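Residue numbers for the sequence shown follow the working numbering, so the first one is 1328 and each next one is one higher. Quick reminder that beta carbons are idealized off the backbone N, C-alpha and C, glycines included. Everything numeric in this text was worked out from a predicted model, so none of it was measured.
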Amino acid sequence: MASITLEKISKNFPGVKALDDVNQKIESGKFFTLLGPSGCGKTTLLRTIAGFYKQDSGHILLSDEVIDDLPAYKRDTGMVFQSYAVFPHMTVYENVAFGLKTRKVEASEIKKRVARVLEQVHLSGYETRTPDQLSGGQQQRVGLARAMVIEPQVLLMDEPLSNLDAKLRVDMRTEIRGMQKLLGITTVYVTHDQEEALAISDKIAVMNFGVIQQVGTPWEIYKEPSNTFVASFVGDINFIEGKVTGSDSDSINVLVNDLTIKAVKPGISLETVKMAVRPEELSILTEELSGSDFTSIPGTIEKSSFVGALIRYTVNCGDNLKLIVELHKPQKEEMMASGSSVFVKIPADSILHFHPETGMRI
Ligand code: ADP
Ligand code: MG
């Protein structure tokens, strides 16, 4: 298996910096995900690795070999596309065998490898069908089998599940991850779906405007976002900006409107700070409580939505301060009507801190 090294990769299209100085090493055998909003450069980066685009500057290495000048078909990468890109007039067998035939693999070997890969993607018995006789999920399995059958060193997948319905997406992502682990194949996977990225990746690179914002494990990306973009793109988060009024060796007080919020944070020298807290860290109180390790602030329930496993409340806590609060495993008697007066409990150690201007974590 191969590692991929991206060195100072830049790529411009007319009027757009699609990739801006991307530096990244992707370890051999890992599942590496490019995550970011539409237009941030994910597809461009994947296609540049595949060799469908040539970078304007920088180098790409497969293990120790520089592959800048290697055409796509010689790069030993398999690609799975969002649109399944299967040949409509060919049977499942012919579709999967195609890449081996063009590589002049012996007929008996082709038979063996196609049978093996069709078993891996659960399509044994479908050999003679044509794509119009398959569901979307099955067609995408053919796409996956076509990429895998050539036994590439690197598997590249561009939003392979986005044309499937929600339930199937979850099943297929589990299968893709299972297969990737089994084969140990280095995989670069593109998605704009943050939950999908968290669920399947060894490492995630969050991108915006052609720049990698942060690389980390799913846990690091969610729990330790390095800037406000990552914090807000991955999962829901509440931002609370305020004035630092008191600061000692392990905590600060922050004045927000006329409320003082306690936060665990060694003294900082900034005058204002942007705090952030995940909805699941907050809770609803029916009366004001005080304690050394949390703050409770008054508010009014503005909206509540019950989505089965949890209730999501929007609580209006005054000027420009609306907090999303999630209550997991809700009990019936805990349901709060809109207009109810409540208090929101903010644990001091659940707060992340960002620079109010640069958005960088502090
Ligand atoms: P993503 O896959 O993250 O949605 P893309 O890599 O497709 O983003 O696009 C990144 C940027 O480059 C976008 O602004 C897009 O409009 C632009 N772009 C992508 N491909 C081309 C192209 N072939 N010609 C011109 N502009 C392009
Ligand atoms: Mg794309």
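| Item | Value |
| --- | --- |
| Taking the alpha helix (DSSP H) that ASP1391 falls in, what are its first and last residues? | Where ASP1391 is concerned, there is no enclosing alpha helix (DSSP H), given that its DSSP letter is neither H nor E. |
| Taking buried to mean at least 16 other C-beta atoms within 10 Å of its own C-beta, is VAL1634 buried or exposed? | exposed |
| Curious, which full-length alpha helix (DSSP H) runs of at least 4 residues does the region 1521–1563 contain? | 1521–1527, 1545–1550 and 1555–1560 |
| Going by the C-beta, is THR1375 closer than 6 Å to any heavy atom of the ligand ADP? | no |
| Where do the ends of the alpha helix (DSSP H) carrying LEU1597 lie? | Unbroken run through LEU1597: none, as it is neither H nor E. |
| In or out: GLU1446 buried (at least 16 other Cβ within 10 Å) or exposed? | exposed |
| List the whole-angstrom C-beta distance separating PRO1674 from LYS1601, where the pair is believed to meet the contact cut-off of C-beta under 8 Å. | The Cβ separation is near 18 Å, so there is no contact. |
| Should VAL1432 and MET1475 be called a contact, given that it needs their Cβ atoms to be closer than 7 Å? | no |
| Pull up the CB-CB distance for ILE1376 and VAL1561, whole angstroms please, since I reckon it's below 8 Å. | In fact, because the Cβ distance is near 23 Å, the residues do not count as touching under 8 Å. |
| According to the Cβ coordinates, are ILE1579 and LYS1570 closer than 7 Å? | no |
| What does DSSP give as the partner residue(s) for MET1406 in the beta ladder? | LEU1483 |
| Short of 8 Å in beta carbon distance, which residues of its chain neighbour ASP1348, apart from the five on each side in sequence? Order them along the chain. | LYS1335, ILE1336, SER1337, GLY1385 and VAL1538 |
| Could you have a look at ARG1500 and say whether DSSP puts it in helix, strand or coil? | helix |
| For MET1534, does the count of other Cβ atoms within 10 angstroms reach 16, so buried, or fall short, so exposed? | buried |
| So for PHE1379, helix, strand or coil by DSSP? | coil |
| Kindly indicate which three-state DSSP category LEU1450 falls into: helix, strand or coil? | coil |
| Three Cβ pairs or more, each shorter than 8 Å: is that satisfied between the region 1658–1671 and the region 1631–1647? | yes |
| I'd like to know if the region 1512–1529 and the region 1473–1487 are in contact, where contact means that at least 3 CB-CB pairs between them fall below 8 Å. | yes |
| What are the boundary residues of the beta strand (DSSP E) that includes ALA1590? | 1586–1591 |
| According to the Cβ coordinates, are GLY1686 and ASN1565 closer than 7 Å? | no |
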